[in-house]
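Residue numbers (the numbering used here): 213 to 767. Just below is one structure, and these are the notes that go with it.
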Amino acid sequence: MNNIKSKIMKVYPAILLAGIALFAGFTLRGDDDIYQKINRNMELFGQVYREIALNYVDEIDADKFMTAGIEGMLSTLDPYTNYIDENSRDQIDLITTGKYGGIGITVNVRDSQVVISEVMNGYEAQKKGLRAGDIFMEIDGVKMENDKVKNMRSFVRGPVGTEVNVKIQRGDELLDFVLTRQEIILKNVSYFGYLEPESDGIAYIKLDRFTNISESEVENAIRTLKSEREMKGLVIDLRDNLGGLLDAATGILNKIVDKNSLLVITKGKRADSEKKYFSKEDPMVNSQIPVAVIINSKSASASEIVAGAVQDLDRGVIVGNKSFGKGLVQQIKDLDKNAQMKITSSRYYTPSGRWIQEKDYFKENKYGVFIDKEKYDQTEFKTLGGRTVKAFGGITPDLEVTTDPESEIHFALLSKDMYFKFADDYLKNNPGITSISPDENLFIQFKEFLSDQNFSYNSGIERKIKEIEELASEKNYGTEVKDLLDKLQIEANAGESIELDASKNAVILKITDEINKRVISDKDQMRTALTYDRMVIESKKILEDPLQYRTMLGK
Numbered sequence: 213m214n215n216i217k218s219k220i221m222k223v224y225p226a227i228l229l230a231g232i233a234l235f236a237g238f239t240l241r242g243d244d245d246i247y248q249k250i251n252r253n254m255e256l257f258g259q260v261y262r263e264i265a266l267n268y269v270d271e272i273d274a275d276k277f278m279t280a281g282i283e284g285m286l287s288t289l290d291p292y293t294n295y296i297d298e299n300s301r302d303q304i305d306l307i308t309t310g311k312y313g314g315i316g317i318t319v320n321v322r323d324s325q326v327v328i329s330e331v332m333n334g335y336e337a338q339k340k341g342l343r344a345g346d347i348f349m350e351i352d353g354v355k356m357e358n359d360k361v362k363n364m365r366s367f368v369r370g371p372v373g374t375e376v377n378v379k380i381q382r383g384d385e386l387l388d389f390v391l392t393r394q395e396i397i398l399k400n401v402s403y404f405g406y407l408e409p410e411s412d413g414i415a416y417i418k419l420d421r422f423t424n425i426s427e428s429e430v431e432n433a434i435r436t437l438k439s440e441r442e443m444k445g446l447v448i449d450l451r452d453n454l455g456g457l458l459d460a461a462t463g464i465l466n467k468i469v470d471k472n473s474l475l476v477i478t479k480g481k482r483a484d485s486e487k488k489y490f491s492k493e494d495p496m497v498n499s500q501i502p503v504a505v506i507i508n509s510k511s512a513s514a515s516e517i518v519a520g521a522v523q524d525l526d527r528g529v530i531v532g533n534k535s536f537g538k539g540l541v542q543q544i545k546d547l548d549k550n551a552q553m554k555i556t557s558s559r560y561y562t563p564s565g566r567w568i569q570e571k572d573y574f575k576e577n578k579y580g581v582f583i584d585k586e587k588y589d590q591t592e593f594k595t596l597g598g599r600t601v602k603a604f605g606g607i608t609p610d611l612e613v614t615t616d617p618e619s620e621i622h623f624a625l626l627s628k629d630m631y632f633k634f635a636d637d638y639l640k641n642n643p644g645i646t647s648i649s650p651d652e653n654l655f656i657q658f659k660e661f662l663s664d665q666n667f668s669y670n671s672g673i674e675r676k677i678k679e680i681e682e683l684a685s686e687k688n689y690g691t692e693v694k695d696l697l698d699k700l701q702i703e704a705n706a707g708e709s710i711e712l713d714a715s716k717n718a719v720i721l722k723i724t725d726e727i728n729k730r731v732i733s734d735k736d737q738m739r740t741a742l743t744y745d746r747m748v749i750e751s752k753k754i755l756e757d758p759l760q761y762r763t764m765l766g767k
């Protein structure tokens with residue numbers, strides 16, 4: 213009991229610190245009783261915490277109980293306001309510096325399974341033989357299921373030099389790996405160069421995140437590109453860039469928009485909290501050089517600040533798919549030496565005044581904690597040149613380019629290692645090959661390979677049929693139901709071939725990439741991939757057609 217009391221005494225100040233950080237500085241003028249409410253509610257919160265920790269029927273972990281209480285309180289707000297304890301500090305390091313302790317992978321969640329989508333070159337996961345498509349079954353003895361899937365990154369990441377034991381499913385095999393965490397340093401600019409043919413002078417920069425060194429990396433890329441030849445156009449690729457630091461976004465905009473241009477506006481709760489950000493320098497890429505910015509549904513936050521400013525200032529064209537729609541700005545607040553909080557402190561608005569938040573948590577007001585929930589209704593806005601743009605729901609591109617979504621069969625091919633095995637087989641039968649381009653014949657060979665491998669998978673509809681069969685068996689349904697399910701199963705089996713043909717383009721590109729990564733460098737692989745990237749091709753066409761470019765900008 214004394215141990216519990218000592219923990220309570222250690223944690224109790226954190227309640228006060230959390231309360232101060234949540235409410236200090238956000239008082240509305242005229243609302244004089246807000247501090248009385250804070251004091252009364254903090255006292256009540258502390259009493260509940262103390263009573264449970266001391267008198268609950270089972271022993272309570274005082275630290276974890278406090279964390280759960282804080283997280284429960286924050287869950288009534290938006291999903292970007294988070295409590296960060298000492299075990300989650302790598303999140304802040306990743307946001308601000310692009311560094312963290314890990315094994316060098318990126319993952320997706322598919323059908324409640326954690327699937328490796330990319331293995332980074334030169335890091336532990338690659339060295340030990342993990343592959344794209346591998347499925348995490350266990351991490352340090354913890355099964356990756358239910359709520360553990362959502363927190364998977366917290367299991368893999370950790371202090372540099374520590375070990376993590378993972379169990380991987382690869383096809384029908386279960387494999388065990390012991391991996392040592394390394395410092396993972398993520399590049400902001402993962403690639404830059406001139407698009408083929410280079411003599412056309414259309415430069416390309418792929419920006420993956422916005423950290424405290426993004427501006428310098430972009431500046432270096434532009435300086436290098438301009439030193440190589442005359443830049444006649446610039447494509448900035450922000451696909452899958454989830455954002456980062458606001459200052460990094462405004463710093464990069466300084467390189468491409470005219471000096472003294474309004475870039476973004478932030479507004480907090482107080483009337484005097486509005487802040488306007490202007491470009492402070494002459495751009496490295498002057499207004500005579502056309503610009504295209506590529507976005508997709510995973511371009512968020514700082515990416516949308518850049519795309520929104522380029523669009524509102526009529527500085528360039530936006531190409532791709534509608535962006536994610538995150539119009540909120542967070543600040544990092546220190547609570548004590550071991551804990552921090554990331555708090556949504558303001559909204560941001562593009563230069564025309566748009567708030568592009570897709571999901572309005574404040575108007576939705578699920579838990580009733582927001583008082584003025586009808587405050588942010590918006591209508592249409594105008595760009596600098598008079599074009600109409602709309603708020604809510606992200607940045608809508610000037611040119612929409614549709615892409616094939618990744619299908620269920622694509623993930624099945626990944627998880628059963630078919631792309632990897634086919635690449636091995638192809639190179640074995642084609643020795644000395646230097647690189648390949650997407651080709652219809654590749655798809656034909658791949659289908660033959662799948663047949664030889666007796667490839668099959670349980671599709672979503674097949675799993676549902678299985679569930680119905682089990683339920684029908686329990687209920688003792690007659691043969692008519694069984695006959696119907698058998699017919700459905702036959703249709704589902706035939707559907708596998710149809711789905712593979714429907715995914716042909718995406719499959720061909722994946723095969724091409726898998727083979728090329730074995731025979732050419734990362735940089736050459738990226739250069740080759742850009743030659744058949746539809747969004748890049750469309751962007752280049754626009755930049756090379758002055759009439760179309762000006763027409764799209766309403767000039």
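For every residue, glycine included, the Cβ atom is placed at its ideal position computed from N, Cα and C.
Open item on the list: If you measure between the beta carbons of Met332 and Gly532, is that distance less than 9 Å?
Closed with: no
Open item on the list: From the DSSP secondary-structure annotation, give me the bridge partner or partners of Phe348.
Closed with: Val326, Ile380
Open item on the list: Rounded to the nearest angstrom, what separates Glu756 and Asp664 at their Cα positions?
Closed with: 46 Å
Task: Extent of the continuous alpha helix (DSSP H) to which Glu283 belongs - done: 274-286
Open item on the list: Using a 10 Å radius around the Cβ and a threshold of 16 neighbouring Cβ atoms, would you call Glu708 buried or exposed?
Closed with: buried
- [ ] Look up Met747 in the DSSP assignment and say whether it is helix, strand or coil.
- [x] helix
Task: Local conformation of Glu442 per DSSP, three classes - done: coil
TODO: Count the other CB atoms, across all protein chains shown, that sit within 10 Å of the CB of Arg762; report buried if there are 16 or more and exposed otherwise.
DONE: exposed
Task: Per DSSP, the bridge partner or partners of Ala714 - done: Paired residues: none, contrary to the question.
- [ ] Look at Gly565 and Phe593 and say whether their C-beta atoms are less than 9 Å apart.
- [x] yes
Open item on the list: One question on the structure: do Ile434 and Lys467 come within less than 9 Å of each other, judged by their Cβ atoms?
Closed with: yes
Open item on the list: By the three-class DSSP mapping on this structure, what secondary structure does Gln552 have?
Closed with: strand
TODO: Taking 9 Å as the cut-off, decide whether the C-beta atoms of Val581 and Ser557 are in contact.
DONE: no
Open item on the list: Looking at the strands, I want to know which residues DSSP matches up with Asp449.
Closed with: Lys418, Ile506
Task: Own chain, CB closer than 6 Å to Glu681, minus 5 neighbours either side, in chain order - done: Leu697
Task: Endpoints, alpha helix (DSSP H) assigned at Tyr573 - done: 573-576
Task: First through last residue of the beta strand (DSSP E) which encompasses Glu395 - done: 394-397
Open item on the list: Comparing C-alpha positions only, which one of Ile282, Arg451, Phe348, Asp526 sits nearest to Ser627?
Closed with: Phe348
TODO: Compute the beta-carbon to beta-carbon distance between Val368 and Gly334, rounded to the nearest angstrom, for a pair I have assumed lies under 8 Å.
DONE: Contact doesn't hold; Cβ gap of about 17 Å is too wide.
Task: Distance, Leu437 Cα to Glu773 Cα - done: Given that the chain is displayed from residue 213 to residue 767, the structure contains no residue 773 and the question cannot be resolved.
TODO: Give the range of the alpha helix (DSSP H) segment to which Ser402 is assigned.
DONE: No alpha helix (DSSP H) contains Ser402, which is instead part of the beta strand (DSSP E) from 401-406.
Task: Three-state secondary structure assigned by DSSP to Ile304 - done: helix
- [ ] Ignore the nearest five residues each way along the sequence and tell me which others in Gly281's own chain have a CB closer than 7 Å to its CB.
- [x] Tyr261
Open item on the list: Using DSSP's beta-bridge definition, name the partner residues of Asn320.
Closed with: Val327
TODO: Consult DSSP for Tyr489 and reduce its assignment to one of helix, strand or coil.
DONE: strand
Task: Cutoff 6 Å; reference Glu570; Cβ partners in own chain excluding five residues on either side - done: Gly537, Gly605, Gly606
TODO: Note the first and the last residue of the continuous beta strand (DSSP E) segment covering Val518.
DONE: Note, Val518: premise wrong, no beta strand (DSSP E); alpha helix (DSSP H) at 514-524.
- [ ] Could you tell me which of Leu450, Asp572, Tyr406 sits nearest to Ser426, measuring between CA atoms?
- [x] Leu450
Open item on the list: Just verifying my parser: in three-state terms, what is the DSSP assignment at Ile727?
Closed with: helix
Task: Exposed unless 16 or more other CB atoms sit within 10 angstroms - verdict on Arg421 - done: buried
Open item on the list: Contact between the region 386-399 and the region 462-480 is defined here as three or more beta-carbon pairs at a separation below 8 Å; is this criterion met?
Closed with: no
Open item on the list: I'd like the list of long-range same chain contacts for Gln760, defined as Cβ closer than 7 Å, with 5 residues on each side in sequence excluded.
Closed with: Ile754
Open item on the list: Are the CB atoms of Tyr561 and Asn539 within a distance shorter than 9 Å?
Closed with: Checking the sequence shown, residue 539 turns out to be Gly, not Asn. In this structure, Tyr561 lies closer than 9 Å to Gly539 by Cβ.
TODO: In angstroms with no decimal places, state the Cα-to-Cα distance between Asn358 and Val321.
DONE: 12 Å
Task: Beta-carbon gap between Pro502 and Pro758 smaller than 9 Å - done: yes
Task: Bridge partner(s) assigned by DSSP for Tyr312 - done: Ile396
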